[in-house]
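Residue numbers (my numbering), protein chains in the order written: chain X, 1 to 284; chain V, 1001 to 1308.
Each residue gets a CB set at the ideal place from its N, CA and C atoms; glycine is no exception.
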Amino acid sequence: MGNQTLKRLFRSKFFMIGLVVCTILIILSIISPWIIYYDPLKTDLQNKLLPPRWLADGFKGHILGTDSLGRDILARILIGSRYSFFVSFSAVAISASIGIMLGLFAGYFGGWIDNLIMRIGDVQLSIPNLLLAITVVAILGPAIQNVILVMVLTIWVQYARLIRSSVVISKSMEYVSASKILGASKSWILFRQILPNVLTPCLVLASQQIGWMIFLEATMSFLGMGVPSPTPSWGTMISLGRNYLYIAPWVVLVPGIALMITVLAFNFIGDGVRDAFDPKMRSG
Amino acid sequence: MARLIFNRLISAIFVVLGVSIICFAILALAPGDPTQLILPDSAPQAERDKLREELGLNEPLPERYLLYIGNVLKGDLGTSYTYKQPNSELIFQKLPHTFLLATSAMLLSLLIAIPLGILAGVKRGSLTDVFSMFFGMLGQSLSPVWLGILLIYIFSVKLSMLPPFGAESPLSIIMPSITLGIPLAALITRLTRAGMIDVLSEDFITATKAKGITNRKIVFKYAFKNVIIPIVTVVGLQFAGNIGGSIVTEEIFAWPGIGRLFATAIYNRDYPLIQSIMLVLSTVMVLINLSVDILYTFIDPRLRESRT
């Protein structure tokens, strides 16, 4: 990453807002078990569906109200954010790793490896993401590793393709031929020379995908294909709270707003990164 | 150029075949014994064995796959466990509803996004431009899960203006279309705006202006044609995506489309139906992508020569 890029990055207002908000959110989610007053899993039927008290009772009250089982919503939102972030970040990291590896092999070795990997990618892209994701979780069972697996399945292809085209271009460059003449092994060329040069677009891609992953996780939880309760997840909270929209709207609206703000903030970051690397500076 | 189309077609067929293998694998590898879902629990083992024989469950996998493909080509997509009806009937009953929703969402978003994007690109820095940027960012963060419920809350709970569920009245399509359409509109706005800015800064535009042609003509006749290409691709892809991705929207609004059918099938672990829907929707996606590709070659003459 050049200095120019970093400078552009920090000059972008959108990016800085996104960065600040995301940092706050991530810090909050990490320290959440220590700052919440109520146990997010503890049901308290006598106090169910309480409207938000905001700060009327100080920090000891149900600041954002309770849900249908009397669980404190703020606590569930904070703990739920840990799950969302963990799943989304893992998914992006893992699919980037796998996608990059496969893309490297496909691009550098070409031939049948290339064909095979790209064909598998094509087939997978033709199956609507959500359908595939839900079906696989339905078969494998709702567990956190399955959710991550499925999310990885959804996006690995993008990395593979990106890397592959970059590698194909790099392959024909002079520094590679020079290395070959000097006797460098294939893997040395691949990993020490080509890889560092093709990573930049992946960085841009990854930063844009985090928001999408958070949204995907929420959607899957909403449809009942996330981790099983009692683990709180924003998607599940929205799904359960739907029934009370008419009488206790905050049960749905609070996690919904949390989701919106989080995805928005990460999208700011993603856009900021993309614009910083793009010399044309279109979005300002 | 016919050769190009032919190549694409062959590719598409292979992709569909690949998809069919995956769909078949899902049913074959899914846990649970299909006979348990068809026969009551009290049925004797002999009857179960007989049913397994009939359904061909004891044949080796490759043979079962060929049987499956043979059936599909005859139009038989299996029978749903839940509804006890042929899957093809169920699917083709519901598919039009989803198409209707996807189409109206697409029209809505194009109606908003293209004028907005063009104006923003032409008048950089103006209020319209700033608004379009906000709209672009915000719209893409509004997932259907949230937007749909928010809309219901505002228009059905608070204002009692629109029906939140079902497809009875013509008003029912408004909120689902908005839910699907806004993220799409945001995307298209950004694309259009970026495209306009790019094109308008190119040399041939300056040349045209120097010739004395009016601004309006420049925008519509020359600039727009160049912007349209990526838009067509994106719209095509998103339309295909909306067919498959409308699950959440249809669930929230109880819209009787294929997304909802799929959700129900998943809930009931109705694997034949799940598998059939996946196959049909994937084929639809492949067809739409193919059409977009072909359309592309017609619009952009540079692509008409052979492609690597």
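Do the CB positions of residue i and residue j come within less than 8 Å of each other?
i: residue 70/X; j: residue 160/X; result: no
i: residue 72/X; j: residue 52/X; result: no
i: residue 1239/V; j: residue 1175/V; result: no
i: residue 167/X; j: residue 277/X; result: no
i: residue 1182/V; j: residue 1245/V; result: no
i: residue 1243/V; j: residue 1281/V; result: yes
i: residue 1167/V; j: residue 1097/V; result: yes
i: residue 1232/V; j: residue 1292/V; result: yes
i: residue 1237/V; j: residue 1189/V; result: no
i: residue 92/X; j: residue 144/X; result: no
i: residue 106/X; j: residue 113/X; result: yes
i: residue 195/X; j: residue 157/X; result: no
i: residue 81/X; j: residue 29/X; result: yes
i: residue 1015/V; j: residue 1227/V; result: no
i: residue 25/X; j: residue 1143/V; result: no
i: residue 1026/V; j: residue 139/X; result: yes
i: residue 1156/V; j: residue 1101/V; result: no
i: residue 1094/V; j: residue 1295/V; result: no
Measuring straight from C-alpha to C-alpha, what distance separates residue i and residue j?
i: residue 1185/V; j: residue 1154/V; result: 21 Å
i: residue 169/X; j: residue 274/X; result: 21 Å
i: residue 269/X; j: residue 19/X; result: 6 Å
i: residue 264/X; j: residue 163/X; result: 27 Å
i: residue 1078/V; j: residue 224/X; result: 26 Å
i: residue 1126/V; j: residue 1134/V; result: 13 Å
i: residue 117/X; j: residue 149/X; result: 18 Å
i: residue 11/X; j: residue 1004/V; result: 46 Å
i: residue 245/X; j: residue 213/X; result: 26 Å
i: residue 90/X; j: residue 1193/V; result: 34 Å
i: residue 1018/V; j: residue 123/X; result: 6 Å
i: residue 14/X; j: residue 267/X; result: 9 Å
i: residue 1251/V; j: residue 54/X; result: 32 Å
i: residue 1230/V; j: residue 1114/V; result: 13 Å
i: residue 1129/V; j: residue 1200/V; result: 15 Å
i: residue 16/X; j: residue 1265/V; result: 44 Å
i: residue 133/X; j: residue 219/X; result: 11 Å
i: residue 1305/V; j: residue 1298/V; result: Because the pLDDT of residue 1305/V is 48, which lies under 50, any placement of that residue in the model is unreliable, and the number read from its coordinates should be weighed accordingly. If you take the alpha carbons of residue 1305/V and residue 1298/V, they lie about 11 Å apart.
i: residue 1270/V; j: residue 1283/V; result: 20 Å
i: residue 1082/V; j: residue 1268/V; result: 7 Å
i: residue 142/X; j: residue 76/X; result: 19 Å
i: residue 6/X; j: residue 1024/V; result: 49 Å
i: residue 248/X; j: residue 33/X; result: 26 Å
i: residue 62/X; j: residue 35/X; result: 14 Å
i: residue 1225/V; j: residue 1196/V; result: 10 Å
i: residue 1198/V; j: residue 1123/V; result: 13 Å
i: residue 1171/V; j: residue 1180/V; result: 16 Å
i: residue 46/X; j: residue 31/X; result: 29 Å
i: residue 222/X; j: residue 1132/V; result: 30 Å
i: residue 198/X; j: residue 27/X; result: 31 Å
Under 9 Å between beta-carbons, which chain V residues line up against residue i? List them in chain order, please.
i: residue 260/X; result: 1138, 1141, 1142, 1143, 1146, 1147, 1150
i: residue 108/X; result: Per Cβ cutoff of 9 Å: no residues; residue 108/X is ~18 Å from chain V at best.
i: residue 245/X; result: 1149, 1152, 1153, 1156, 1157, 1164
i: residue 226/X; result: Those within 9 Å of residue 226/X in chain V number zero; the least Cβ separation is about 12 Å.
Show which residues of chain V have a CB atom less than 8 Å away from the CB atom of residue i.
i: residue 267/X; result: 1137, 1140, 1141
i: residue 238/X; result: 1145, 1146, 1149
i: residue 114/X; result: Correct list: empty, because the minimum Cβ distance to chain V is about 13 Å.
Could you list which residues in chain X have their beta carbon closer than 8 Å to that of residue i, in chain order?
i: residue 1030/V; result: 139
i: residue 1260/V; result: Per Cβ cutoff of 8 Å: no residues; residue 1260/V is ~11 Å from chain X at best.
i: residue 1010/V; result: Ordered by position in chain X, no residue passes the 8 Å Cβ test against residue 1010/V, which lies about 12 Å from the chain.
Report the neighbours of residue i on chain V: residues whose CB is nearer than 7 Å to its CB, in chain order.
i: residue 251/X; result: Here the premise fails: no neighbours, minimum Cβ distance about 11 Å.
i: residue 219/X; result: 1143, 1145, 1248
i: residue 9/X; result: Here the premise fails: no neighbours, minimum Cβ distance about 17 Å.
i: residue 183/X; result: Per Cβ cutoff of 7 Å: no residues; residue 183/X is ~31 Å from chain V at best.
i: residue 215/X; result: 1143
Which bits of chain X does residue i rub up against, with CB to CB less than 9 Å?
i: residue 1285/V; result: 125, 126, 127, 128
At 7 Å on the CB atoms, spell out the chain X contacts of residue i, in chain order.
i: residue 1172/V; result: The premise fails here: residue 1172/V is roughly 17 Å from chain X at the closest Cβ pair, so nothing lies under 7 Å.
i: residue 1278/V; result: 127, 131, 135
i: residue 1269/V; result: 138
Taking contact to mean at least 3 C-beta pairs separated by less than 8 Å, is the region 222-235 of chain X in contact with the region 1011-1026 of chain V?
Contact between the region 222-235 of chain X and the region 1011-1026 of chain V is absent, because fewer than three Cβ pairs lie under 8 Å.
Within the region 13-80 of chain X, note down every full beta strand (DSSP E) run reaching 3 residues or more, in order along the chain.
The DSSP assignment places no complete beta strand (DSSP E) segment of no fewer than 3 residues inside the region 13-80 of chain X.
Counting pairs of Cβ atoms below 8 Å between the region 231-246 of chain X and the region 1093-1110 of chain V, do you hit three or more?
No: the two stretches stay apart, fewer than three of their Cβ pairs being nearer than 8 Å.
Along the chain, which unbroken stretches of the alpha helix (DSSP H) at least 4 residues long are found entirely within the region 1125-1161 of chain V?
Secondary structure remark: continuous alpha helix (DSSP H) runs of at least 4 residues inside the region 1125-1161 of chain V, in chain order: 1127-1141, 1144-1152.
Quick check: the region 1063-1080 of chain V against the region 1276-1287 of chain V, are at least 3 beta-carbon pairs closer than 8 Å?
Counting Cβ pairs under 8 Å, three or more are found: they touch.
What alpha helix (DSSP H) runs, 4 residues minimum, are completely inside the region 1220-1249 of chain V?
1224-1245, all fully within the region 1220-1249 of chain V.
May I ask you to verify whether the region 1146-1164 of chain V touches the region 242-255 of chain X, counting CB pairs closer than 8 Å and requiring at least 3?
Taking 8 Å as the limit for Cβ pairs, the verdict is that the region 242-255 of chain X does touch the region 1146-1164 of chain V.
Only counting runs of 3 or more residues, tell me where the beta strand (DSSP E) segments fall wholly within the region 1065-1131 of chain V, in order along the chain.
Listed in chain order, there is nothing to give.
Within the region 101-181 of chain X, note down every full alpha helix (DSSP H) run reaching 4 residues or more, in order along the chain.
Contiguous alpha helix (DSSP H) elements confined to the region 101-181 of chain X occur at 111-126, 129-140, 144-171, 174-181, taking only those with 4 or more residues.
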